[in-house]
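Protein chains in written order, with our numbering: chain A, 1 to 323; chain B, 1 to 323; chain C, 1 to 337; chain D, 1 to 337.
Worksheet: the structure to be examined is printed underneath.
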Amino acid sequence: MQLSREALLRAYRQMKVIREFEERLHIDIQTGGIAGFTHLYCGQEAVAVGVCENLTSDDKIVSTHRGHGHCLAKGCDVNGMMAEIWGSREGLCKGKGGSMHIADVDKGMMGANGIVGAGAPIAVGAALSAKIDGLGHVAIAFSGDGACNQGTTFEAMNFAVVTNAPAIFIFENNHYSEHTGFEYAVGTNNDIASRAEAFGMKIWRGDGTDFFSVDETMREVLEYVRAGHGPAAVEFDTERFFGHFEGDPQRYRGPGELDRIRETRDCLKRFRMSVTGAGLLTDADLDALDAEVLQQIEDAVIKAKAADRPTAADVLTDVYISY
Amino acid sequence: MQLSREALLRAYRQMKVIREFEERLHIDIQTGGIAGFTHLYCGQEAVAVGVCENLTSDDKIVSTHRGHGHCLAKGCDVNGMMAEIWGSREGLCKGKGGSMHIADVDKGMMGANGIVGAGAPIAVGAALSAKIDGLGHVAIAFSGDGACNQGTTFEAMNFAVVTNAPAIFIFENNHYSEHTGFEYAVGTNNDIASRAEAFGMKIWRGDGTDFFSVDETMREVLEYVRAGHGPAAVEFDTERFFGHFEGDPQRYRGPGELDRIRETRDCLKRFRMSVTGAGLLTDADLDALDAEVLQQIEDAVIKAKAADRPTAADVLTDVYISY
Amino acid sequence: MVKMMYREAILSTIVEEMTRDPNVVVLGEDIVGGMGTAGGPEAIGGIWSTSIGLFGKFGANRVIDTPISESAIMGAAAGLALAGKRPVAELMFADFIGVSLDQIWNQMAKFRYMFGGKTKCPAVIRMAYGAGFNAAAQHSQAVHQILTGMPGLKVVMPTTPNDVKGLLRQAIRDDDPVIFLEHKALYGSSGEVSEDLDYVIPFGHARLSRAGGDVTIVSTGLLLGRCEKVADMLAAEGIGCDVIDLRTTSPIDEEAILDSVEVTGRLVVVDEAPPRCSMASDICATVAEKAFASLKAPPLGVNPPHTPVPFARELESAYLPSVEKIEAAVRKVLSFR
Amino acid sequence: MVKMMYREAILSTIVEEMTRDPNVVVLGEDIVGGMGTAGGPEAIGGIWSTSIGLFGKFGANRVIDTPISESAIMGAAAGLALAGKRPVAELMFADFIGVSLDQIWNQMAKFRYMFGGKTKCPAVIRMAYGAGFNAAAQHSQAVHQILTGMPGLKVVMPTTPNDVKGLLRQAIRDDDPVIFLEHKALYGSSGEVSEDLDYVIPFGHARLSRAGGDVTIVSTGLLLGRCEKVADMLAAEGIGCDVIDLRTTSPIDEEAILDSVEVTGRLVVVDEAPPRCSMASDICATVAEKAFASLKAPPLGVNPPHTPVPFARELESAYLPSVEKIEAAVRKVLSFR
Ligand SMILES: Cc1ncc(C[n+]2csc(CCOP(=O)(O)OP(=O)(O)O)c2C)c(N)n1
Ligand SMILES: Cc1ncc(C[n+]2csc(CCOP(=O)(O)OP(=O)(O)O)c2C)c(N)n1
Ligand SMILES: [Mg+2]
Ligand SMILES: [Mg+2]
């Protein structure tokens, strides 16, 4: 299906927001202004955006420790997220969650998650909720190639098949779990999708550095799952442009690997080439967006830095609704 | 491969010991003399014996809540086990473990286990130990069709593949986990072995009510695993003759199901028919063994009932080696 | 009021709340039973008989029988709750938090806090706990001390059928995640229960099951019965025991405990879990700190020993705090000068 | 004696013990790093740098890099130990007991008891715990209170590099399962350590890090340093603090605590975990029971609040017991009459 000009612009913008949000974090983290563990999603934007552009706010997603991309793609507020990562009281989680725990349940974003593999069962729960409601909504679990070895992920897949839950397991294979290669850690001949298939699900595969591949795949997957055929799994081959966490020496990479993937596997470059090549958008269209996004991120940083800091009294609130 | 007369007699004896041990428990439990949760293995004897007759005491097994058969097949003492189940101080575990926790590590029997799915990772550890020793020993994890849905079991399979551990995952599919059918709980088109295969292992299937099927399968499996080719999985189709636990009303069974499986799927009957039909053993040979075994069990019960009871002071010992 | 068993109080409250609120959903292993078998659904209704008939009444969407995958059960409860439902999940044995703790501790308990107070997670996790059935080390444990220590969870331990009604209804209607601990040995006990369909017992309110004034005994669950026995025995001697049934350990009714100790000056806490970092030590420490001046004797905890739960009858009886041990502890604090 | 960092003390002890005993085996996530990558093995040596070079020295059979499967890691350690090896398994963050507790609690801890004392399970589980890095609710927790409550486990919490050496060596040689808790904020701290290849510190022996006589402060790990600061400040005023570093919480050196409190009559326990069913309440209760007559003031616990660990710098600082809060508690018990 051909995307409208608006849809193309929006998709590009979303990817670009993630990219610039994180390129900026990468810089700011080095100055020491940002505390905690931050995992950057750069390189994988086409997956988050290709998936979420096909969802409504009634569809739910559950994310991972590498959650910024999923959050932004699902509509979390840029300023709120930036403020959260800067630990501000005006952050999306009042500075209590930080990078690994951003959520906005009203938008269907049920949380980044610091525990690898914890998201998949939660997504199945959300999918069961959608099944009860019977309106064709779905729930998505994002998992990495490392998370796919966690028992919770396996249990969730079987559980979803048994309960015929409209859950979609998206495996973002960026080839590494921390410092370990997926060819080592995934026993299944390096094939995550086939293992999911053996759980009794229909599977798809796509190129996670190509927005159009993700978009088309997701249209098929969503049509299938929304129709009540049960859960599905998708493996997207993708790349992460930064280290596992900020500060990672990345000794596991091959020579020239980072240059090569930045060159040939950059979803933004590939998107631009496709749409300008096909005459759907012009470089000028995209350049204008780029400038807008850069400004948006700059604004977000300025606001985050200026925002109220939390106080000791804030530690005590938000544990219980009533006690 | 043709089994010797001695091997056939031993195999039959082992299966018969399990059968009579448990038929007797089934009676004694109703009189109230035995405390706790007891899960009977009757009907599955060909699996435990067909597997363990092909092992040495340097090979390890890890069992389940339904462990009597595995324990007896791996050489645990009949009297010690009976005394344990009766809660005696002279029991194999001094009355501290009971039916669900019988072990004899020196014999390579690393424990029955009350936690469904806990055994598989433990077996992988034992397999890694065998790999370090490099003498071709293996470790076996027995799991049920219910346990095969537990995350720990899945993790263990991937882990064994990744570490090339000489672990063998034996799935005893007796069609039920407690009161639930495996066709409901196992999402994979009712196929446990294929799901294991998708983890990157070689798989086998066998008839778990036919000793010869189990024996032949295990010869192949063990040859493969002992040679260092990595882990393997086997699904044995089998039957349990009693309820999940003693007292189970078994409302999940179809009409006549118990009669049918006792008639056509009884491994002892099938063994007798095979060996007498082929002229390898006579009915008289087997009848003599039957009598011997019945006497052995009767003796074990008499001893168990007469054995010392544990005292309050015993509660405190065996927690630590040193504290 | 009507008489029913503890387990019946559980089931009837679930039925009432499922009828009242379409968002209430139950899930767990064998809670239907017979799925995928020739016998067909409803072969068991939960191994504790606490979900008999639910499937027939409310259907497969709201009564979800699950594979043996406790992490996924707890995780599904978490996801259902975040998505707006009110799941009541059964963990067949409390000991199985071993395979599912993350979803309880790191997920449900923390969502609201991590997400800056912008969400709620109204999940109820029912668990059968406790010793008394010779079920040995992996099927007999008390886990309230572990879960009480976890901020974000509420922990409920009903002792009587009526408390089951009021507390389970409150748990289901509560907007925070609630751990609902059912003692295995109490399922068959009976008592009068309220028939009011809105009867709730707010959390954090202990119940004074015996009023005495000479010594304070705090407990809950199975052992409360033993404490009451001791109180009744001592009453015959003219010694008055305040017996406090905590009902919830998080939040805990400190006031009730402190008020009583301020009068009695003597405290015994009877607890089914091993002694280290236990509910007994929690309460003794609280009292030592906050009622120091009132204390006339050292506060005493009565726990099983620091050992796993043993199997054999003689061992398990010796493991659990007996009436005799409780009595001895009470007499000890009474005789302290 | 030689000076080294806490993390170096861990690594060097592992190297020494692996060299001495071929049965010692290590396993964990990324403890090699680079497996299955173009960069090849040894890309990291553990995210805490506590296994750098082990793979090159001892090979893939004894240095096992694992998938992200904590239950399987803990279970493999259990199986290795039952089969005669001495595994030293790394759980990257203590918070991950959430996904692996069963193998620790219901398996390793209970094997010996359930099997009637006829087996041993000499496994060491190393875990990085504690707050201070703004790692938020799921990567900052203290879990010693949970594990100390579990019979069958020994729980070790070294504070200094020399204690790391003596206690880790003891842990590896010990025949029981040992939880070895390493505070994240101490990895980079340094100190003199023994070079004796047989230097072990027996479990259950606290270390008196300051001797005073007016008040007893008990702590361990990161917060011990804050207690020492308070002691040093008060020493300048002529107030003498006994500061006791527990070193192991199970077994616990009750004698050292009681001996000190018998002299001081005043106790503050400083603990990194939330207050309910905590190590602080455990010790306060023990002292209230066993040194009741000596107590001149209510025993006080200083804990973080009953909340998850928050993310932002200001919040995490306010969460952890500060020098000021500890000082205030000490002054409070000192001024009590
Ligand atoms: C249960 C658990 N185990 C380990 C970790 C530490 N950890 C955080 S991210 C990560 C690697 C995850 O790899 P993958 O799933 O491929 O995601 P990616 O980082 O590539 O996005 C690990 C091991 C964790 N946070 N939770
Ligand atoms: C972790 C855990 N979950 C649930 C149970 C309760 N339980 C004991 S046996 C069992 C069924 C196991 O089924 P299966 O693996 O097929 O073994 P079978 O009983 O058929 O031998 C269940 C649910 C348990 N003991 N441990
Ligand atoms: Mg990855
Ligand atoms: Mg079965």
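The beta-carbon is built from N, C-alpha and C at its ideal position, and this holds for glycine as well.
Spatial distance of residue i from residue j (CA atoms)
i, j, result
"residue 105 of chain C", "residue 109 of chain D", "21 Å"
"residue 238 of chain A", "residue 286 of chain A", "23 Å"
"residue 34 of chain C", "residue 98 of chain D", "31 Å"
"residue 212 of chain A", "residue 261 of chain A", "18 Å"
"residue 344 of chain C", "residue 10 of chain C", "This structure cannot speak to residue 344 of chain C, because chain C is shown only from 1 to 337."
"residue 156 of chain C", "residue 275 of chain D", "18 Å"
"residue 82 of chain D", "residue 170 of chain B", "20 Å"
"residue 236 of chain C", "residue 334 of chain C", "15 Å"
"residue 141 of chain C", "residue 96 of chain C", "10 Å"
"residue 290 of chain B", "residue 311 of chain C", "32 Å"
"residue 68 of chain B", "residue 225 of chain B", "25 Å"
"residue 221 of chain C", "residue 284 of chain C", "18 Å"
"residue 256 of chain B", "residue 17 of chain B", "27 Å"
DSSP-derived helix/strand/coil call for residue i
i, result
"residue 336 of chain D", "coil"
"residue 320 of chain A", "coil"
"residue 267 of chain D", "strand"
"residue 194 of chain A", "helix"
"residue 129 of chain C", "strand"
"residue 206 of chain C", "coil"
"residue 309 of chain A", "coil"
"residue 161 of chain D", "helix"
"residue 143 of chain B", "strand"
"residue 86 of chain C", "strand"
"residue 288 of chain C", "helix"
"residue 93 of chain A", "coil"
"residue 29 of chain C", "coil"
Residues that residue i contacts on chain D, provided the C-beta gap is smaller than 7 Å
i, result
"residue 41 of chain A", "Within chain D, no residue comes near residue 41 of chain A; the closest Cβ sits about 18 Å away, beyond 7 Å."
"residue 266 of chain C", "Under the 7 Å cutoff, chain D gives no residues; its nearest Cβ is about 12 Å from residue 266 of chain C."
"residue 75 of chain C", "Chain D residues near residue 75 of chain C: none, gap ~11 Å exceeds 7 Å."
Under 9 Å by beta carbon: chain C residues contacting residue i
i, result
"residue 393 of chain D", "Outside the modelled stretch of chain D, which goes from 1 to 337, sits residue 393 of chain D, for which no answer is possible."
"residue 307 of chain D", "113, 151, 152"
Proximal residues of chain B, C-beta to C-beta of residue i below 8 Å
i, result
"residue 155 of chain A", "149, 150, 151, 154"
"residue 194 of chain A", "198"
"residue 64 of chain D", "128, 163"
Chain B residues whose Cβ lies nearer than 9 Å to that of residue i
i, result
"residue 99 of chain C", "115, 116, 117, 118, 150, 151, 152"
"residue 106 of chain C", "Those do not exist, as residue 106 of chain C stays about 15 Å from chain B at its closest Cβ, beyond 9 Å."
"residue 162 of chain A", "149, 184, 185, 186, 187"
Per-residue contacts from residue i into chain C (C-beta, under 8 Å)
i, result
"residue 176 of chain D", "Within 8 Å Cβ-Cβ: nothing; residue 176 of chain D doesn't reach chain C, min ~13 Å."
7 Å Cβ cut-off: residues of chain A touching residue i
i, result
"residue 313 of chain D", "35, 87"
"residue 69 of chain C", "155, 158, 159"
Residue i: contacting residues in chain D (beta-carbon distance under 9 Å)
i, result
"residue 179 of chain A", "30, 32, 33, 34, 35, 37, 39, 43, 44, 47"
Touching by the beta-carbon criterion (3+ pairs, under 8 Å), the segment 37–49 of chain A and the segment 9–21 of chain A: Put simply, the segment 37–49 of chain A touches the segment 9–21 of chain A. At least three CB pairs are less than 8 Å apart.
What residues come near ligand 3, if near means a beta carbon less than 6 Å from any of its heavy atoms? A/144, A/145, A/146, A/174, A/176, A/177
If you pair each beta-carbon of the segment 125–132 of chain D with each one of the segment 72–89 of chain D, do three or more pairs fall below 8 Å? yes
Below 8 Å, can you find three or more Cβ-Cβ pairs linking the segment 144–164 of chain B to the segment 74–84 of chain B? no
Please determine if the segment 169–185 of chain A and the segment 16–23 of chain D are in contact, where contact requires at least 3 C-beta pairs separated by less than 8 Å. Taking a contact to require three or more Cβ pairs closer than 8 Å, the segment 169–185 of chain A and the segment 16–23 of chain D do not qualify as touching.
Quick check: the segment 308–327 of chain D against the segment 85–93 of chain A, are at least 3 beta-carbon pairs closer than 8 Å? yes
Per the contact definition of three or more C-beta pairs closer than 8 Å, is the segment 228–246 of chain B in contact with the segment 157–164 of chain B? Segments in contact, yes.
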